[in-house]
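Remarks on the structure that follows.
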Amino acid sequence: MSKQTVRGVEVDSLPEEVIAEYLQHNPDFFERHSGLLGRLKLPHGKGGSTVSLVERQVSVLREKHDKLESHLHDLIAVARDNDSLADKIHKLSRRLIRARNAAGVIDALESSLREDFGASEWLIVLAPSAESGLHGVTSRHLRVVDPTAAELKMFETLFASGKPRCGQIRDSQRDFLFGTGSVEIGSAALVPLGPQTSAGLLAIGSPDTDRFHPGMSTEFLARIGDLVSEAVGA
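Residues in the sequence shown are numbered consecutively from 56, following the working numbering.
Here it is as structure tokens:
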């Protein structure tokens with residue numbers, strides 16, 4: 056413990072932890088010693104000048120206020136995005152309900168994904184066990200494969216998880232889903248369909264590498280997957 060001279064008297068210095076603990080348990084200390092409060096000077100934090108303790112407290116509170124306001128704006132933006140997505144999914148539901156046949160289901164999906172979600176590159180892959188719902192339909196957005204097809208093994212992890220996955224996909228997956236030499240796919244969302252393993256999947260591709268990324272929420276994609284599964288009988 057070091058020594059300090061106070062009013063000509065040498066006294067032991069208290070550890071900083073003890074002083075901090077005392078002030079924490081005695082918040083009215085500076086009310087009882089208001090003169091001391093005005094004499095305390097602290098570094099400004101953004102330069103070499105000093106400010107009073109009160110000014111420093113105001114500065115800290117202002118910074119906290121700015122951070123809270125920024126966080127509030129972020130929450131509002133997320134809420135608006137969620138409202139917009141919920142509205143788009145509602146419109147998709149109505150389109151699918153109005154579809155009178157299998158071809159109408161594909162048309163409804165094509166219109167909704169293109170107009171509401173801005174997705175022109177997408178594909179439904181179904182195994183024969185789920186084929187009945189779209190029997191006889193010919194579309195570039197639909198591919199029926201044998202359940203033992205080697206290509207399905209590329210998506211074993213997706214089927215095992217039963218949850219949508221977003222991000223960049225392997226070249227072999229991209230070529231199988233969207234074709235070689237097609238529109239450049241920078242990122243994709245893969246959504247498993249149906250309760251059965253390897254029943255099928257919905258793939259949505261985008262040339263933008265940041266459009267679908269691993270950190271994004273997949274809750275709404277899962278809801279779209281549920282709707283598509285019901286519509287195609289997966």
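C-beta atoms are modelled at their ideal positions from N, C-alpha and C, and glycine is treated no differently.
Roughly how many angstroms separate the alpha carbons of Val-200 and Leu-232, rounded to a whole number?
Taking the sequence shown and counting its residues from 1, one reaches residue 200 at position 145. Taking the sequence shown and counting its residues from 1, one reaches residue 232 at position 177. Roughly 12 angstroms between the two C-alpha positions.
By how many angstroms is the C-alpha of Leu-168 removed from the C-alpha of Ala-215?
Here the question's residue 215 lines up with position 160 in the sequence shown. Here the question's residue 168 lines up with position 113 in the sequence shown. Roughly 26 angstroms separates the two Cα atoms.
Is the beta carbon of Leu-276 less than 8 angstroms from the beta carbon of Pro-219?
Counting from 1 along the sequence shown, the entry for residue 276 is found at position 221. Counting from 1 along the sequence shown, the entry for residue 219 is found at position 164. Yes, the Cβ-Cβ distance between Leu-276 and Pro-219 is below 8 angstroms.
Pull up the DSSP beta-bridge partners for Arg-220, would you.
On the sequence shown, position 165 is the one that residue 220 refers to. Looking at the DSSP assignment, Arg-220 forms a beta bridge with Leu-245.
Among Ala-174, Asp-226, Pro-250, whose alpha-carbon lies nearest the alpha-carbon of Phe-267?
In the sequence shown, residue 267 corresponds to position 212, counting from 1. Among Ala-174, Asp-226, Pro-250, the Cα nearest to that of Phe-267 is on Ala-174.
Going by DSSP, name the residue or residues bridged to Ser-261.
Position 206 of the sequence shown holds residue 261. Partner(s): Ser-242.
Can you tell me which of the three DSSP states Arg-198 falls into?
Within the sequence shown, the letter at position 143 stands for residue 198. Strand at Arg-198.
Give every residue of the same chain whose Cβ lies closer than 8 angstroms to the Cβ of Asp-162, excluding the five residues on either side of it in the sequence, and list them in chain order.
Working through the sequence shown from its first residue, we reach residue 162 at position 107. Correct list, in chain order: Ala-154.
So what's Leu-3 in DSSP terms, helix, strand or just coil?
Given a span of 56 to 289 for the chain in the structure shown, any question on residue 3 remains unanswerable.
Helix, strand or coil, according to DSSP, for Gly-280 in the structure here?
By one-based count along the sequence shown, residue 280 stands at place 225. Of the three classes helix, strand and coil, the one that applies to Gly-280 here is helix, per DSSP.
Which same chain residues end up closer than 6 angstroms to Gln-228 when comparing Cβ atoms and leaving out the 5 residues on each side of it in sequence?
Here residue 228 corresponds to residue number 173 of the sequence shown, with the count starting at 1. Once the five neighbours on either side are set aside, the close Cβ partners of Gln-228 are Met-209.
Span separating the alpha-carbon of Asp-136 from that of Gly-288:
Working through the sequence shown from its first residue, we reach residue 136 at position 81. Working through the sequence shown from its first residue, we reach residue 288 at position 233. The straight-line gap from Cα to Cα measures roughly 30 angstroms.
Gln-223 to Ser-242 span [Cα, whole Å]:
As a working note, residue 223 is residue 168 in the sequence shown. As a working note, residue 242 is residue 187 in the sequence shown. Rounded to whole angstroms, Gln-223 to Ser-242 spans 4 angstroms at the Cα level.
Quick one: grab the DSSP three-state call for Leu-181.
Mapped onto the sequence shown, residue 181 falls at position 126. Strand at Leu-181.
Name the DSSP beta bridge partners of Gly-288, please?
Taking the sequence shown and counting its residues from 1, the one referred to as residue 288 is at position 233. Beta-bridge annotation (DSSP): Gly-288 is not paired with any residue.
Which of the three DSSP states is assigned to Leu-213 in this structure?
As a working mapping, residue 213 is identified with position 158 in the sequence shown. Helix, per DSSP.
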